[in-house]
Each structure stands twice: as C-alpha cells, then as structure tokens.
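Enquirer:
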Amino acid sequence: MLALREIEKSYPLAGGSLPVLKGIDLNIAQGEMVAIMGSSGSGKSTLLNVLGLLDGFDSGGYDLDGVDMAGLSEKQAARYRSQFLGFVFQSFNLISFKTALENVALPLFYQKVPRRERQKRAMEMLGKMGMDDRSDHLPSELSGGQKQRVAIARALITSPRVILADEPTGALDSTTSTEVMQVLREVNASGITVIIVTHEADIAEQCDRTIRLHDGVIIEDGKSGEVVEPTARGARSQD
Amino acid sequence: MFNRETWIEIAHTVTANPLRTALTGLSVGLGIFILVVMQGLGFGLQNGVQQDFGDEAKNSVWVRTGRTTLPYRGRQPNRYVQMRNEDEQRITEQVVDAPAWSGRRMMWGSTVGYKNEQGNYPIVGVEPDFDELELLPLKGGRWLHADDMAKESKVCVVGENLLDELFKQDDAIGAFVTLRGITFRVVGHFSKNGRWGNSMVYVPLTTMQRVFNGSDEVDQMVLSTGDLDLEGSKAMVEAVDGDLRMRHSVHPDDVRAVRVRDNQEEFAMFDRIFTGIRLFIWIIGGFTLLAGAIGVANIMAIVVKERTVEIGVRKALGATSGSILSLIVIEAIALTLISGALGLITGVATLNAVAPYAEHDYFANPEVNLRVTVTALAVLVVAGAISGFVPALRAVRIRPIEALRYE
C-alpha cells in the first residue's frame, strides 16, 4: 500500500541544511495498524508530512497504492490527499465556526460533492461515530473525546485507504484515549490502513506494528510490545 | 471559483467573526465616506463662490469711491469722494481705451407701484453698455438703448421678481409702473441667477439723474477690459486709479476713498484658492484612503494569522493552495467592496440630506465626483485583495503539520 525507499529530506537553515530524514525504507501493507514512535526531533512529524503528501522529499521514492508520488504538483498532491488519505490530529483541528456536521462534510466540498449529498453522507458518518445527536454543535460545545470522534468522522468521510493520525490521544485523558483507540481499531478492522504517530508506549502497544524513529533513521521495526523502550536499550534521547 | 459553494463558505467565515468584519468594513466604509463628504463640501464651496461671482463679466473693472481716510494736500480726511459725469467722460475718452463702459447709480428701497400693487425694489441707473458688463439674460422685450439715454426716456427693464410680485398674470411689456411716484414704461424683463439680482429695476442713468435727484453724480463705474490680459487690465486699473486720485486729491495710500477692482484679477485669485482647496481635498482624501488601506491590510494580516491552523486543516483535507488563496482574496474583495459601497451610499445620502440646509451665499450644490469616488473604491478593493493575498500566500506555504501545531 505504502512504500518508502531511501527517503531523504533536509530543511534549509542559515548557513547550511539540517538533515531530518536520512534514508527511510518502509513498507506498510493494506490493512495494517502501525505506530510510529520517536522523541521530538526524531523526524516523525516530517515523516508524517511526507507520507501525507503535505511536503515533498529530496531523494528516494514513495509509492502510494502503486503510484509513484515523486515530483507531484501541488494540485495532484491535493487530489491524492483527498482520495487516499484521512488525517486525525492531536488538537483535533476542527474549524471553530463550523458545526460538527459541516466539519465532517468539508473534505467532500473539496471533492466537489453537491451540498445535499455532503450533508447526507456526513450525517451517516456521524451516526457511525455515535455523534448524530451532536451534529449541529460547534466544536466549542463538544468534549475532547467528542471532538476527536468528529475529527475521525471527518477523516473517514472520503472513504480513504489510509488514516494518518498525529498524536490522536495527546490531548485526551486515559479513559477517552482508550475509547478513541477503540474507534481507530474498528476503523482498521474495516480494512483501512491506520498509521499513528505517538510518543506514548501504551498507545503503540495497541497497534499491530511499531516503528521507532531516532535521529532521522528507523532504529527498530517489529511487532508492538516486542519493540523495547529506547531507555531500556540505552539509546540517547534527544530531548 | 465564483460558484455558490464558495460564497456560502465566505458568508460563513464573514458572519463567524462579526467584530472583525465590522472593523474591516468600518475602516473602508469610513474612508470612502470621508472622501465623498469632503469632495462634496469642496465642490459646494467652489460652486457657491462661482455663483456669487458668476454674473459679473470676468473682463470688467469696477470703480467705487468712498470717504477719505488720510489728509492730503491740505484736505481733511473723512471727505466723500463723489464721481460725476465729467469723471466718466474724461476717463473713457482720455485716460483709458475701454471697449464698453457704464456709470452706475443705485437707489435702494424705492417704491414701485403697478395698479393696486406696490413693493420696494432697488432702482439702478445704468448706461446701455451695462448688459455687456453684467449678465442680464433678457426674457422678453428689449434692453435700454442709446436713444433712451439721449432722450432721458422714462423706460425701465425689470427683474423677474417684479413679474411675480407686481404684475402677476399681466403682460409686463408696455405696462406703466410708478417709480418713486413717477411713471415709467416697462420695455423688457430679465431673469438671472441669485436672489438679489432679480429684484432690480434698471433705468437709463441720464433719466435717473434728471428725474430723481437732478444731479450729475455717478456712484460706480464699470469698464470693460476687452481682450486685455491680466497685465493689460492691471495697467488699466492703475491708470483709472491714478487719474481719480489726482483729480479728487486723494492720498495714494488711501484704500477707502478710491477702490478699483479688477474682476480678472479676482478671478485669478479665486482660481488659485480653489486649486489650493482641491489639492487639499486630494491630499486629505489620499491619506484617508491610505489609512483605510492600511486598516484593511492590518486586519487581513491578523485574519490570515488567526486562520493559519484552519488553512492547514483545509489543505490536509484536500484543498489546493489556489482554492484557499481565492477564498481569502474573494473574501477580502467582497468585504471591501460591500463596505466601500455602503460608505459611498451613506456619503452621498448625507450630502443630499444636508444640502438643502446648507444654502449660503458661498455654498451651493455640493456634488460628488463619481469617477473619483469609484476610483477610490477600486483602489481600496485592490488594496484589500493584495493585503489578503500576500499573508495568505505565506500561510499556504507553511507545511500543514507545522501549521496545525501552531496553537
């Protein structure tokens, strides 16, 4: 489904450049549930940007669903994003002046789906998340868990092949975190690939596979629970 | 780009932030409003002064006399300098070469009667050339002839106020009226701008001198400068002024006793004043516009900064940079256009509402130069578009994940 080959990326700095990804090789199959772990500065959000087609890369190759993603134009990238990918964020990032229903319907706006159809599908998706009674609420009137459910509904509305979640439970208490992870597991069970970026070990443990990133390279890749805490291995944290 | 969906999106964002929308609208609307009102007032002032002036020929010199204020050649001050027919004759025959001239003498508050009606009007004695020196558009009959002067005929030409007030439905031409008890025949009537001018009754100067005071006194003298340029007319003014001062023993520095006013020079002066006023209005208008544009730019910069996260989200959800840019730019344009148009309408409405109460000798018909105002509006709209575009361009270039962690 997703294949990265020798991905390298650096950010220009005053007087040189800062390499962030130093050759990433990664294959993720359809239907996997993968956690990407790493401390801050390890390059995990850059990797998420690259995977999410939100940023380009300097060298290497990226195949998404068998299509080469190198050298995409801004427009093409936007189209693939809206076709293949759904995003879930730590701070939910719901648009504050839109109701839950309108937030969920927004991706369909960019797919040029007619308004009535958008509303209908958004309502169905909210129903699946058990949120149909909150459809006309603004984000400020929802709890954290409810917001994340709306955000997940928004990510799922376009029937994406891959869900990219950036610290989806980072702003939630442990009970709500468990609930949200439960929702993501259900999403995964329906055949959608789920990739979660997190620094919480117990979240990673709820995934099938854990990839540990350190200093721009993958240092570990294995079944969740078998990947050892970096401190246990004596690896130096960058924080 | 201009479909219904986009407008719904824009209506959404605009109404979601009423304060921000109101502030942007206010800075634009107020800018246009001030520009419109300033322009209207400027034009009103100019129209008023021009109207006040309007009826005197531009190429005329008015000669007036008064009491002396300085002793000169053994004469005490406070002596009235009276011009007489001989002065006029000498000046027009020997001192200057004027293509047209007229002596003028005025009798205020004279009783004019027609049948059973009567009223008070100023009677003015003039010579036939006078209609070349002041605009008196004839509406019927004829103007005074040289023959009337020579024969000292008891004929008069009346302003349209007398038609309304004395003659009512009657035909004035050929009618007999009494001026201070003496019967005159009406030979013509005229209508001009302004309130005063239309109450005048013009009679031949010679007739007036003969029947009313039996003298050869002239109160004012009006001379045409023909096609002389400003320099030529100045020379004419100096010649007349010098001659009168010499003949009547008036001190050269006495500004009250002999006053010779050149309309051409006054016109030139008013012209300079109005150029100045126009420039002033332009500068103020320009700075008002600038302030409005800065206000818009400022608010758009804040708006875009506030919406950095939203822009990131939209991109992650499949929006292209172009669609986000056009959303913000159209929003800015719509906002400036609507509030600018509101400012324009309010400004014009204010002028129209105030105009009837602001009638004054030096103020008339405040009008709005629509071309200038529309240009100003266009400038503001473009400024709004640019000031939305530039920060939005910066915002869409931010990588979404960074944008989303902006909070």
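So the protein sequences, as listed, match chains A and B. Here our numbering is used: the first residue of the first sequence is 1, the next is one more, and so on. Here our numbering is used: the first residue of the second sequence is 1001, the next is one more, and so on. Every residue, glycine too, gets a C-beta built ideally from N, C-alpha and C.
Could you tell me whether any Cβ in chain B is nearer than 7 Å to the Cβ of E117(A)?
Expert: Here residue 117(A) refers to the residue found at position 117 when the first sequence is read from its first residue. It does not: the Cβ of E117(A) has no partner Cβ on chain B nearer than 7 Å.
Enquirer: In this structure, does DSSP put G1140(B) in helix, strand or coil?
Expert: As a first step, residue 1140(B) is located in the second sequence; it is residue number 140 there, counting from the start. In the structure shown, G1140(B) sits in a strand (DSSP, three-state: E or B).
Enquirer: Extract the residue ranges of the beta strand (DSSP E) inside the region 50 to 133 of chain A, only unbroken runs of 3 or more that lie entirely within it.
Expert: 59 to 64 and 85 to 89
Enquirer: My understanding is that V1081(B) touches M1236(B), with C-beta atoms under 8 Å, so please give their C-beta distance in whole angstroms.
Expert: Position 81 of the second sequence holds residue 1081(B). Position 236 of the second sequence holds residue 1236(B). That belief does not hold up - the Cβ atoms of V1081(B) and M1236(B) are roughly 20 Å apart, past 8 Å.
Enquirer: Sorted by chain position, which residues of the same chain lie with C-beta nearer than 7 Å to I1284(B)'s C-beta, five sequence neighbours on each side aside?
Expert: To locate residue 1284(B), count along the second sequence from 1; it is residue 284. These residues qualify, in order along the chain: M1038.
Enquirer: Name the one or two DSSP bridge partners that N27(A) has.
Expert: The count along the first sequence starts at 1 and reaches residue 27(A) at position 27. In the DSSP output, where bridge partners are listed per residue, N27(A) has A3(A).
Enquirer: Name, please, each residue of chain B whose Cβ falls closer than 7 Å to the Cβ of E74(A).
Expert: The residue labelled residue 74(A) in the question sits at position 74 within the first sequence. Under the 7 Å cutoff, chain B gives T1320 and S1321.
Enquirer: Kindly confirm or deny that the region 132 to 141 of chain A and the region 107 to 117 of chain A touch, where touching means at least three C-beta pairs closer than 8 Å.
Expert: Inter-segment contact for the region 132 to 141 of chain A and the region 107 to 117 of chain A is absent: fewer than three beta-carbon pairs are separated by less than 8 Å.
Enquirer: Measuring straight from C-alpha to C-alpha, what distance separates G1312(B) and A1364(B)?
Expert: Translated into positions along the second sequence, residue 1312(B) becomes position 312. Translated into positions along the second sequence, residue 1364(B) becomes position 364. Distance between the alpha carbons of G1312(B) and A1364(B) is about 57 Å.
Enquirer: If we call anything under 7 Å between Cβ atoms a contact, is G1040(B) one with V1368(B)?
Expert: Here residue 1040(B) refers to the residue found at position 40 of the second sequence. Here residue 1368(B) refers to the residue found at position 368 of the second sequence. Result yes, Cβ atoms of G1040(B) and V1368(B) sit closer than 7 Å.
Enquirer: If you measure between the beta carbons of Q1046(B) and F1274(B), is that distance less than 7 Å?
Expert: One-based indexing of the second sequence puts residue 1046(B) at position 46. One-based indexing of the second sequence puts residue 1274(B) at position 274. With respect to F1274(B), Q1046(B) sits close: the two C-beta atoms are nearer than 7 Å.
Enquirer: Under 7 Å between C-beta atoms, does I157(A) make it to chain B?
Expert: Stepping through the first sequence from its first residue, residue 157(A) is reached at position 157. Answer no: the Cβ-Cβ gap between I157(A) and chain B never drops below 7 Å.
Enquirer: Would you mind telling me which residues of chain B sit closer than 9 Å to R161(A), beta carbon to beta carbon, in chain order?
Expert: Taking the first residue of the first sequence as position 1, residue 161(A) is located at position 161. What R161(A) touches in chain B: nothing, since even the nearest Cβ is about 14 Å away.
Enquirer: In chain order, what residues of the same chain have a beta carbon less than 7 Å from the beta carbon of M1106(B), not counting five sequence neighbours either side?
Expert: The residue you call residue 1106(B) lines up with position 106 of the second sequence. Cβ neighbours of M1106(B) within its own chain (closer than 7 Å, five residues either side excluded): P1122, V1124 and D1219.
Enquirer: Applying the 10 Å Cβ sphere with the 16-neighbour rule, what's the burial state of I24(A)?
Expert: Residue mapping note: residue 24(A) aligns to position 24 of the first sequence, counting from 1. By the neighbour-count rule (16 or more Cβ atoms within 10 Å), I24(A) is buried.
Enquirer: Name the chain A residues whose beta carbon is nearer than 7 Å to that of E1310(B)?
Expert: Taking the second sequence and counting its residues from 1, one reaches residue 1310(B) at position 310. Under the 7 Å cutoff, chain A gives I95.
Enquirer: If you draw a straight line from the C-alpha of G1044(B) to the C-alpha of R1371(B), how long is it?
Expert: Sequence index remark: in the second sequence, residue 1044(B) carries index 44 (1-based). Sequence index remark: in the second sequence, residue 1371(B) carries index 371 (1-based). Spanning the two alpha carbons is a distance of roughly 17 Å.
Enquirer: Taking the CB atoms as reference points, tell me whether V1036(B) and G1384(B) lie closer together than 7 Å.
Expert: The count along the second sequence starts at 1 and reaches residue 1036(B) at position 36. The count along the second sequence starts at 1 and reaches residue 1384(B) at position 384. It is not a contact, given that the beta carbons lie outside the stated cut-off.
Enquirer: For R1176(B), which residues does DSSP report across the bridge?
Expert: On the second sequence, position 176 is the one that residue 1176(B) refers to. One point to set straight first is that residue 1176(B) is Phe, not Arg, in the sequence displayed. Bridge partners of F1176(B) according to DSSP: R1185(B).
Enquirer: Counting only beta-carbon atoms, is A1332(B) nearer than 7 Å to chain A?
Expert: Position 332 of the second sequence, counting from 1, holds the residue named residue 1332(B). With 7 Å as the cut-off, A1332(B) does not count as an interface residue toward chain A.
Enquirer: With DSSP run on the structure shown, which of helix, strand or coil describes R1261(B)?
Expert: The residue you call residue 1261(B) lines up with position 261 of the second sequence. When DSSP states are grouped into helix, strand and coil, R1261(B) belongs to the strand group.
Enquirer: Please report the distance separating the alpha-carbon of M129(A) from that of I1386(B).
Expert: Here residue 129(A) is taken as the residue at index 129 of the first sequence, counted from 1. Here residue 1386(B) is taken as the residue at index 386 of the second sequence, counted from 1. Those two C-alpha atoms are separated by around 42 Å.
Enquirer: Starting from the C-beta of L1223(B), find all residues in its chain whose C-beta is less than 6 Å away, skip the five residues before and the five after it, and write them out in chain order.
Expert: As a position in the second sequence, residue 1223(B) is number 223, starting the count at 1. The beta carbon of L1223(B) sits closer than 6 Å to the beta carbons of V1061, A1098 and W1101 from its chain, once the five residues preceding and following it are set aside; these are given in chain order.
Enquirer: Do P1391(B) and A1301(B) have their C-beta atoms closer together than 7 Å?
Expert: Along the second sequence, read from residue 1 onward, the residue named residue 1391(B) stands at position 391. Along the second sequence, read from residue 1 onward, the residue named residue 1301(B) stands at position 301. Closer than 7 Å, so yes.
Enquirer: Within 7 Å of any Cβ in chain A, is that where the Cβ of V1028(B) sits?
Expert: Along the second sequence, read from residue 1 onward, the residue named residue 1028(B) stands at position 28. Not closer than 7 Å to any Cβ of chain A, the Cβ of V1028(B) fails to qualify, so no.
Enquirer: Find the residues of chain A that neighbour V1372(B), judging by a C-beta separation of less than 7 Å, and give them in chain order.
Expert: Looking up residue 1372(B) in the second sequence gives position 372. Those within 7 Å of V1372(B) in chain A number zero; the least Cβ separation is about 38 Å.
Enquirer: What did DSSP end up calling I1123(B) once you bin it into helix, strand or coil?
Expert: As a first step, residue 1123(B) must be located in the second sequence, where it is residue number 123. Here I1123(B) sits in strand by DSSP.
Enquirer: Kindly indicate if chain B contains any beta-carbon less than 7 Å away from that of Y110(A).
Expert: Taking the first sequence and counting its residues from 1, one reaches residue 110(A) at position 110. True, the Cβ-Cβ gap to chain B drops below 7 Å.
Enquirer: For a test of the three-state rule: what should DSSP assign to H1251(B), helix, strand or coil?
Expert: The count along the second sequence starts at 1 and reaches residue 1251(B) at position 251. Note: H1251(B) maps to coil in three-state DSSP.
Enquirer: Assess contact between the region 1090 to 1097 of chain B and the region 1066 to 1080 of chain B, defined as three or more Cβ pairs (one per stretch) separated by less than 8 Å. Is contact present?
Expert: no
Enquirer: Give the range of the alpha helix (DSSP H) segment to which Q146(A) is assigned.
Expert: Within the first sequence, numbered from 1, the residue matching residue 146(A) stands at position 146. Residues G144 to L156.
Enquirer: Taking three-plus beta-carbon pairs below 8 Å as touching, is the region 1008 to 1021 of chain B in contact with the region 1317 to 1331 of chain B?
Expert: yes
Enquirer: Less than 7 Å between the C-beta atoms of E8(A) and L21(A), yes or no?
Expert: Taking the first residue of the first sequence as 1, we reach residue 8(A) at position 8. Taking the first residue of the first sequence as 1, we reach residue 21(A) at position 21. In this structure, the beta-carbon distance from E8(A) to L21(A) falls below 7 Å.
Enquirer: Find the residues of chain A that neighbour V1313(B), judging by a C-beta separation of less than 7 Å, and give them in chain order.
Expert: The residue you call residue 1313(B) lines up with position 313 of the second sequence. Near V1313(B) (Cβ distances below 7 Å), the residues of chain A are N93 and I95.
Enquirer: Return yes when the Cβ of T210(A) is within less than 7 Å of the Cβ of A29(A), no when it is not.
Expert: Taking the first residue of the first sequence as 1, we reach residue 29(A) at position 29. Taking the first residue of the first sequence as 1, we reach residue 210(A) at position 210. The answer is no: Cβ separation not under 7 Å.
Enquirer: Would you tell me roughly how many angstroms separate the C-alpha atoms of E167(A) and Q90(A), rounded to the nearest one?
Expert: What you label residue 167(A) is simply residue 167 of the first sequence in a count that begins at 1. What you label residue 90(A) is simply residue 90 of the first sequence in a count that begins at 1. Their backbone Cα atoms lie some 5 Å apart in a straight line.
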